[in-house]
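The structure appears below as structure tokens.
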Amino acid sequence: MVTIDRLIKKVLSYNPKADVEVIKRAYVFSREAHCAQTRSEGTPYIYHPLSVAEILADMKLDTATIVAGLLHDTVEDTDTAPEDIKSMFGSETAFLVDALTKLSKVESKTKEDVQAENFRKMLLAMSKDVRVILIKFADRLHNMRTLKYLPENKQKRIAEETLDIYAPLANRLGIGWMRTEFEDLSFNALMSDTYHELQRKVAKRKEEQQLYIGDIIRIIEGKLMAAGIEAKIKGRVKHFYGIHQKLQKQKIPFEEVHDVIGLRIITDTVGHCYDILGIIHSMWPLVPGRFKDFISLPKSNMYQSLHTTVVGPGGERIEFQIRTEEMDKIAEEGIAAHWRYKEDESVDKRNVRHIAWLRELVKEISDAKEFLEAVKGEVVQETVYVFTPNGDIKELPVNSTPIDFAYSIHTAVGHKCVGAKVNGRIVPLRTNLNSGDVVEIMTSPSHGPSKDWLKFVVTQRAKSRIKQWVKTEERKRSIELGTKLIEDELRRHGVSLSHLKSEKMEKVLMSFSINSLEDLYIAIGFGKVSAHQVVNRLVSEVTGKERPEEISVAKPVRPQKERKNIIVIKGIDNVLYHVAKCCFPVPGDSIIGFITKGKGITIHRMECSNMDRLKEDSERLVEVQWSQDGEVASNAKLFVESIDKPGILANLSALISSANVNISFLKASSTHDKRALFELTLEIKNRSQLANIVSKISQVEGVLSVKR
Ligand code: MN
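First residue of the sequence shown: 1, per our numbering; consecutive thereafter.
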């Protein structure tokens with residue numbers, strides 16, 4: 001069992017100048033503070049912080065981290081005050097302990113959003129100082145190693161959380177050994193039977209293959225010696241959870257897994273890695289699709305290695321990992337390698353690439369749940385590597401699209417993206433990018449992002465930038481629309497616009513609990529408040545009379561039911577309105593506008609089937625008219641029913657195009673009783689043109705009915 005002497009010996013082995021006294025002091029302090037507690041495994045509590053400190057020493061971390069490991073539970077579980085830690089152990093250690101205390105405070109709660117918030121805090125703390133997470137990991141690891149002493153339901157909860165968050169995060173930070181141990185310990189706790197069965201099978205396979213593997217190693221050693229290359233060859237067994245996942249994913253029995261036992265070759269230089277690869281490939285045929293070069297394209301956690309699988313003697317598949325000493329260290333230690341005790345402290349440890357992505361996320365997302373999803377997404381995602389036309393590499397999550405790529409270059413490039421070329425060919429913006437693609441983004445300065453992009457982009461950066469743009473745009477639109485509506489209403493009442501800036505108006509705003517004129521415009525533009533109500537209130541303020549009906553301002557000329565605002569469509573900026581997709585009104589139709597939340601006015605036909613529903617929200621209805629001048633092409637939808645006979649579609653489309661009308665959408669289907677149904681969307685200039693087309697279509701032989 002771990003003792004303070006063993007811990008100190010371990011620290012001195014990699015850091016001979018370590019401040020042993022402060023470690024001893026922390027140990028004594030922690031032991032005294034925890035003296036009344038025991039762990040569920042029945043040992044004095046001090047064994048827990050001591051074990052955590054030992055794990056940190058195994059990772060060769062600096063003294064402040066070791067000391068914080070010893071003290072990590074004192075403020076949380078005993079009556080130690082944060083100031084005590086600071087005065088006795090200095091502010092660096094106090095900061096680490098404080099961060100860890102804050103982390104554990106919310107941990108026992110199970111509500112999902114509390115967990116999310118907790119997790120966000122953890123990563124926030126980590127983005128400030130990675131040692132916080134390393135201590136948290138060591139703490140969790142010792143708790144996992146002693147998990148069996150806890151009640152079963154607690155075991156399951158902790159194991160699930162470890163598998164869900166800690167293991168992927170350890171992987172993302174490149175700490176390979178810890179990820180493996182987290183996964184196998186959780187696997188054992190959650191599916192004990194499956195775990196033990198797998199363990200038996202692997203042991204048996206190892207026994208069977210021992211001689212075979214021994215032979216292979218000797219063959220390669222001979223070849224390497226002849227080539228003058230120094231290397232160590234080790235047999236390695238894939239970790240149990242890794243095998244389990246493979247069985248699940250590929251739905252195959254254990255007997256068909258070939259890479260349970262693999263070989264790892266560790267050499268001195270990158271050049272020798274490729275030499276060794278060449279030697280292996282020249283001896284045995286490689287299995288296609290299994291060769292991966294993570295040396296020239298490292299994984300996002302900085303993992304580097306060559307992977308290949310060959311068909312060895314007797315038809316057995318053998319998997320190889322070939323890498324340098326340095327790469328092997330990074331594969332095991334990841335980010336911890338940057339924090340290990342070093343004589344030379346000149347390296348900027350705070351700026352390693354491992355956590356650059358995390359800082360970015362912390363900056364961009366403030367909602368805890370959204371953040372948790374984003375990080376979970378980021379830590380488990382596989383990556384693709386694509387190239388800019390200049391040959392720069394961009395690393396993106398799998399399923400990224402040209403839009404994700406555009407936003408990864410610059411927000412402005414994303415916003416103005418109108419098209420993309422992949423490997424020189426124009427592709428749809430929702431295309432998934434593959435490793436090796438050369439991506440070129442086409443932009444247009446007058447263009448803005450589309451809300452639809454949110455349906456397919458995968459990077460958090462693209463998502464948040466698009467959302468932000470949509471929000472600002474909706475706000476801008478609402479202000480414009482609100483201004484227009486209220487000014488129209490004022491004019492109709494014959495009230496001067498200057499009253500909007502008066503004290504009277506401030507009173508009106510207060511009565512609606514609205515802070516500023518701008519907020520009022522937004523509220524009107526969003527359909528929350530009607531311009532009519534506001535103006536009535538203002539008029540009664542201006543005239544001092546309670547009921548606006550009695551005021552002798554210019555009476556509306558229209559009958560009562562038409563008292564709402566009139567907007568002439570041509571007269572307002574076209575961002576303010578759009579044509580309803582349910583009824584596709586065309587110029588000449590009688591129409592009505594409906595204020596859509598943040599999207600301006602939607603124009604419906606009076607006969608629209610949704611009219612009854614819209615009328616329930618009558619405050620949002622506004623009167624609109626087509627402008628007299630000019631012809632605006634707009635879409636009209638037609639439903640044509642005919643008997644199902646060949647050539648009818650050709651006749652229809654010939655007729656429509658001879659009338660100089662474009663068909664922008666066409667869908668045809670046939671019914672069981674031998675009739676054909678066509679759904680057409682036509683670009684129509686006005687109502688009379690549409691009427692003309694309708695009458696022509698209904699005269700085509702075989703057509704049974706034409707409807708809008
Ligand atoms: Mn602890």
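Glycine included, each C-beta is placed from N, C-alpha and C at the ideal position.
Quick one: grab the DSSP three-state call for residue 1.
Sequence index remark: in the sequence shown, residue 1 carries index 1 (1-based). DSSP places residue 1 in coil when its eight states are reduced to three.
In whole angstroms, what is the alpha-carbon distance linking residue 734 and residue 616?
With the chain covering 1 to 708 only, the question about residue 734 has no answer from this structure.
For residue 578, list the residues DSSP reports as bridge partners.
For this step, residue 578 is matched to residue 578 along the sequence shown. Answer is 602, bridged to residue 578.
Below 7 Å, is the gap between the Cβ of residue 139 and the nearest heavy atom of the ligand GTP?
Only the ligand MN can be found as ligands here, which leaves the ligand GTP out of the picture.
Taking 7 Å as the cut-off, is the beta-carbon of residue 328 closer than that to any non-hydrogen atom of the ligand MN?
To locate residue 328, count along the sequence shown from 1; it is residue 328. Residue 328 Cβ: outside cutoff for every heavy atom of the ligand MN.
Cβ pair residue 409, residue 479 closer than 8 Å
Residue mapping note: residue 409 aligns to position 409 of the sequence shown, counting from 1. Residue mapping note: residue 479 aligns to position 479 of the sequence shown, counting from 1. Cβ distance not < 8 Å, so residue 409 and residue 479 don't count as in contact.
Within the same chain, show all residues whose beta-carbon is closer than 6 Å to that of residue 56, passing over the 5 residues directly before and after it, in chain order.
Indexing the sequence shown from 1 puts residue 56 at position 56. For residue 56, where only same-chain residues beyond five positions count, the Cβ hits under 6 Å are 65, 66, 69, 138.
Taking the DSSP output, what are the residues bridged to residue 662?
As a working note, residue 662 is residue 662 in the sequence shown. Answer by DSSP bridge pairing, in chain order: 683.
Name the DSSP beta bridge partners of residue 417, please?
Here residue 417 is taken as the residue at index 417 of the sequence shown, counted from 1. DSSP output for residue 417 lists 443 as bridge partner(s).
Out of 604, 265, 40, which has the shortest C-alpha to C-alpha gap to residue 594?
Here residue 594 refers to the residue found at position 594 of the sequence shown. With distances taken between Cα atoms, residue 594 lies closest to 604.
Taking residue 684 as the reference, give the member of 673, 676, 657 with the closest Cα.
The residue you call residue 684 lines up with position 684 of the sequence shown. It is 657 whose Cα lies nearest to the Cα of residue 684.
Beta-carbon within less than 7 Å of residue 655's beta-carbon, same chain only, minus the 5 sequence neighbours each way: which residues are those?
Within the sequence shown, numbered from 1, the residue matching residue 655 stands at position 655. Within the same chain, residue 655 has close Cβ partners 696, 697, 700.
Could you tell me if the beta carbon of residue 578 falls within a distance shorter than 7 Å of some heavy atom in the ligand MN?
Start at 1 with the first residue of the sequence shown, and residue 578 comes out as number 578. Flag unset: Cβ of residue 578 not near the ligand MN.
Beta-carbon proximity list for residue 589, same chain, < 7 Å, skipping 5 on both sides
Residue 589 sits at position 589 when you count from the first residue of the sequence shown. Only 605, 687 meet the Cβ criterion.
Starting from the Cα of residue 234, find the closest Cα among 220, 246, 530, 446 and give me that residue.
Taking the first residue of the sequence shown as 1, we reach residue 234 at position 234. The shortest Cα separation from residue 234 among 220, 246, 530, 446 belongs to 220.
Of all the alpha helix (DSSP H) runs that stay within the bounds of the segment 152-204, which reach a length of 4 or more residues?
152-161, 167-172, 176-190
Beta-carbon proximity of residue 448 to residue 473, cut-off 8 Å:
As a working note, residue 448 is residue 448 in the sequence shown. As a working note, residue 473 is residue 473 in the sequence shown. For residue 448 and residue 473, yes; Cβs fall inside 8 Å.
Environment of residue 153 [buried if 16+ CB atoms lie within 10 Å]
If you number the sequence shown from 1, residue 153 lands on position 153. It counts as exposed.
What do you get for residue 484, buried or exposed, if any count of 16 or more other CB atoms within 10 angstroms of its CB means buried?
Here residue 484 refers to the residue found at position 484 of the sequence shown. Its Cβ being crowded by 16 or more others within 10 Å, residue 484 is buried.
So residue 403 and residue 457 are supposed to be a Cβ contact under 8 Å. How far apart are they, rounded?
For the purposes of this step, residue 403 is taken as residue 403 along the sequence shown, with counting starting at 1. For the purposes of this step, residue 457 is taken as residue 457 along the sequence shown, with counting starting at 1. That pair is a contact at about 5 Å.
For the beta strand (DSSP E) containing residue 324, name the first residue and the last one.
Along the sequence shown, read from residue 1 onward, the residue named residue 324 stands at position 324. Per DSSP, residue 324 belongs to the beta strand (DSSP E) from 317-324.
Residue 60 classed as buried or exposed, judged by whether at least 16 other C-beta atoms fall within 10 angstroms
On the sequence shown, position 60 is the one that residue 60 refers to. The residue in question, residue 60, is buried, as its Cβ has 16 or more Cβ neighbours within 10 Å.
Say yes only if the C-beta of residue 34 is nearer than 7 Å to one or more non-hydrogen atoms of the ligand MN, and no if none qualify.
Locating residue 34 in the sequence shown gives position 34, where the first residue counts as 1. No, the ligand MN has no heavy atom inside 7 Å of this Cβ.
Comparing C-alpha positions only, which one of 659, 674, 678 sits nearest to residue 693?
For the purposes of this step, residue 693 is taken as residue 693 along the sequence shown, with counting starting at 1. Out of 659, 674, 678, 659 has the C-alpha closest to the C-alpha of residue 693.
Consider the C-beta atom of residue 73 and the heavy atoms of the ligand MN; say whether any pair is separated by less than 7 Å.
Taking the sequence shown and counting its residues from 1, the one referred to as residue 73 is at position 73. Flag set: Cβ of residue 73 near the ligand MN.
Work out the CA separation of residue 639 and residue 678 for me, nearest whole Å.
Sequence index remark: in the sequence shown, residue 678 carries index 678 (1-based). Sequence index remark: in the sequence shown, residue 639 carries index 639 (1-based). Distance between the alpha carbons of residue 678 and residue 639: 6 Å.
Using the rule of at least 16 other Cβ atoms within 10 Å of the residue's Cβ for burial, across every protein chain shown, is residue 202 buried or exposed?
Locating residue 202 in the sequence shown gives position 202, counting from the first residue. It counts as buried.
Heavy atom of the ligand MN within 7 Å of residue 22 beta-carbon
Looking up residue 22 in the sequence shown gives position 22. No, the ligand MN has no heavy atom inside 7 Å of this Cβ.
Across which residues does DSSP place residue 385 in a beta bridge pair?
As a working mapping, residue 385 is identified with position 385 in the sequence shown. According to DSSP, residue 385 bridges with 395.
What is the residue span of the alpha helix (DSSP H) that residue 258 lies within?
Position 258 of the sequence shown, counting from 1, holds the residue named residue 258. Residue 258 -> no alpha helix (DSSP H), and no H or E assigned at all.
Starting from residue 638, trace the beta strand (DSSP E) in both directions and tell me its first and last residue.
Counting from one through the sequence shown, the residue named residue 638 turns up at place 638. Segment 634-643, the beta strand (DSSP E) holding residue 638.
Could you round the C-beta distance between residue 505 and residue 538 to whole angstroms and report it? I think they count as a contact, below 8 Å.
Locating residue 505 in the sequence shown gives position 505, counting from the first residue. Locating residue 538 in the sequence shown gives position 538, counting from the first residue. Yes, they are in contact, since the Cβ atoms of residue 505 and residue 538 sit about 6 Å apart, within 8 Å.
Measuring from the CB of residue 447, is there a heavy atom of the ligand MN at a distance below 7 Å?
Numbered from 1 along the sequence shown, position 447 holds the residue referred to as residue 447. No, Cβ of residue 447 sits at least 7 Å from all heavy atoms of the ligand MN.
Compare the Cα-Cα distances from residue 179 to each of 334, 26, 672, 272 and report the closest residue.
Numbered from 1 along the sequence shown, position 179 holds the residue referred to as residue 179. Considering only alpha carbons, the answer is 334.
Among 192, 258, 22, which residue has its Cα nearest to the Cα of residue 309?
In the sequence shown, counting from the first residue as 1, residue 309 sits at position 309. It is 258.
Distance, residue 136 Cα to residue 25 Cα:
Position 25 of the sequence shown holds residue 25. Position 136 of the sequence shown holds residue 136. Rounded to whole angstroms, residue 25 to residue 136 spans 21 Å at the Cα level.
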